[in-house]
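*Asks:*
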């Protein structure tokens with residue numbers, strides 16, 4: 098005998114956050130904005146469930162947050178990511194040390210590379226983020242392969258993620274873009290749907 102009541106579908110939602118892309122984009126909307134990282138994944142999980150199937154049960158399965166830090170200046174950020182953010186339920190904080198750029202800045206007049214400050218001798222080369230985008234794309238695909246989630250929420254405007262989003266879409270995995278319209282339009286076009294993050298910022302503001 099079949100039940101008169103239909104059991105709602107369930108979708109496991111995993112969230113992938115490009116930390117600096119998200120943080121800087123949010124500050125463009127509201128300069129002093131601070132994110133409540135405990136609430137943030139709950140809002141994204143809820144909204145991802147709504148856009149896929151409003152009658153289904155959306156289950157938060159985890160959130161990976163990817164970022165970088167300069168060891169000379171970002172000690173507090175590294176400490177927060179390791180000792181606070183990484184301890185929140187389901188959160189995996191993956192922060193890598195930024196590397197020194199190979200090329201030095203050039204003089205705007207003679208175009209000679211200036212590696213050392215002529216006054217104090219400090220290294221003039223800046224730092225850069227290496228390997229973060231590759232790690233995000235790899236985790237998107239590998240966790241899908243392991244059947245760790247049904248819906249991915251990708252929070253970034255970086256078009257480097259377009260191939261990964263296209264691949265997962267072709268395999269039947271729904272990728273929801275967490276974005277800041279009109280930024281990231283190319284990535285948005287390749288995803289199944291979009292969550293307009295500024296629209297919900299009051300709900301995850303600290």
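In our numbering, the protein residues as written are 98 to 303.
Heads up, the beta-carbon is just placed ideally off N, CA and C, and yes, glycines get one too.
1. Looking at the secondary structure, which residues open and close the alpha helix (DSSP H) in which residue 120 lies?
2. Quick check on the burial criterion: 16 or more other C-beta atoms within 10 angstroms. Buried or exposed for residue 268?
3. Can you give the Cα-Cα distance for residue 161 and residue 126, rounded to whole angstroms?
4. Look up residue 275 in the DSSP assignment and say whether it is helix, strand or coil.
5. For residue 51, report the span of its beta strand (DSSP E) as first-last.
6. Between the stretch 228-242 and the stretch 135-148, are three or more C-beta pairs nearer than 8 Å?
7. Just the C-alpha distance for residue 128 and residue 295, rounded to the nearest angstrom, thanks.
8. I'd like the list of long-range same chain contacts for residue 283, defined as Cβ closer than 8 Å, with 5 residues on each side in sequence excluded.
9. Report yes if the CB atom of residue 263 is closer than 8 Å to the CB atom of residue 287, and no otherwise.
10. Please classify residue 159: does DSSP put it in a helix, a strand, or coil?
11. Quick check on the burial criterion: 16 or more other C-beta atoms within 10 angstroms. Buried or exposed for residue 261?
12. By Cβ distance below 8 Å, which residues in the same chain neighbour residue 179 in space, the five residues on each side in sequence not counted?
13. Exposed or buried, which one is residue 195 when buried takes at least 16 other CB atoms within 10 Å?
14. Specify the secondary structure class of residue 137 as computed by DSSP and reduced to three states.
15. Nearest by alpha-carbon distance to residue 231: which of 109, 113, 107 is it?
*Replies:* According to the structure shown:
1. Run containing residue 120: 116-126, per the alpha helix (DSSP H) assignment.
2. Taking all protein chains in view, the Cβ of residue 268 is surrounded by fewer than 16 other Cβ atoms within 10 Å, so the residue is classified as exposed.
3. Each residue's Cα considered, the two are about 23 Å apart.
4. Strand, per DSSP.
5. No statement about residue 51 is possible, as the shown extent of the chain runs from 98 to 303 and does not include it.
6. Result no; under three Cβ-Cβ pairs closer than 8 Å.
7. Spanning the alpha carbons of residue 128 and residue 295 requires a straight line of approximately 12 Å.
8. Contacts found: 256, 259.
9. With contacts defined by Cβ atoms closer than 8 Å, residue 263 and residue 287 form a contacting pair.
10. Three-state result, residue 159: strand.
11. Counting C-beta atoms within 10 angstroms of its own C-beta, residue 261 has 16 or more neighbours from the protein chains shown and is therefore classed as buried.
12. The answer, listed in chain order, is 190, 192.
13. So residue 195 counts as buried.
14. Note: residue 137 maps to helix in three-state DSSP.
15. Residue 113 is the option with its Cα nearest to residue 231.
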